[in-house]
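Engineer: In our numbering, the protein residues as written are 172 to 260.
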């Protein structure tokens, strides 16, 4: 079975529609083409998140990953410099 990627907007819309209670979770999942297991995983991950909050969270996660890469690179550079200094002694 082919896996499908769903946008955060689709996921959040699904969660909000389910919260309204007009349709069952099974019906909403069938309409979107996802499993109920995916729904409950998304519900656990996103909770009552709005689309704007999800976008901001995604931006923060990207920024965090970028900063972690920078710190890692700096650590490697510092280690290399320490080795050079110790060899000169």
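Every residue, glycine too, gets a C-beta built ideally from N, C-alpha and C.
Distance check for residue 260 and residue 232, CA to CA, integer angstroms please.
Structural biologist: Cα-Cα distance, rounded: 42 Å.
Engineer: Would DSSP call residue 216 helix, strand or coil?
Structural biologist: If DSSP states are grouped into helix, strand and coil, residue 216 belongs with the helices.
Engineer: So, with DSSP's three-state summary, where would you put residue 221?
Structural biologist: Residue 221: coil per DSSP, three-state reduction.
Engineer: Under three-state DSSP, which class holds residue 209?
Structural biologist: In this structure, residue 209 counts as helix in the three-state DSSP scheme.
Engineer: Would you grab the beta carbon distance between residue 186 and residue 214 for me? Rounded to a whole angstrom, and I think it's under 8 Å.
Structural biologist: Indeed they touch by this definition, with Cβ atoms about 6 Å apart.
Engineer: What are the start and end residues of the alpha helix (DSSP H) that includes residue 179?
Structural biologist: Residue 179 -> alpha helix (DSSP H) spans 179 to 191.
Engineer: Assess, as a yes-or-no matter, whether the segment 218 to 227 is touched by the segment 175 to 191 under the definition of 3 or more beta carbon pairs within less than 8 Å.
Structural biologist: The segment 175 to 191 vs the segment 218 to 227: in contact.
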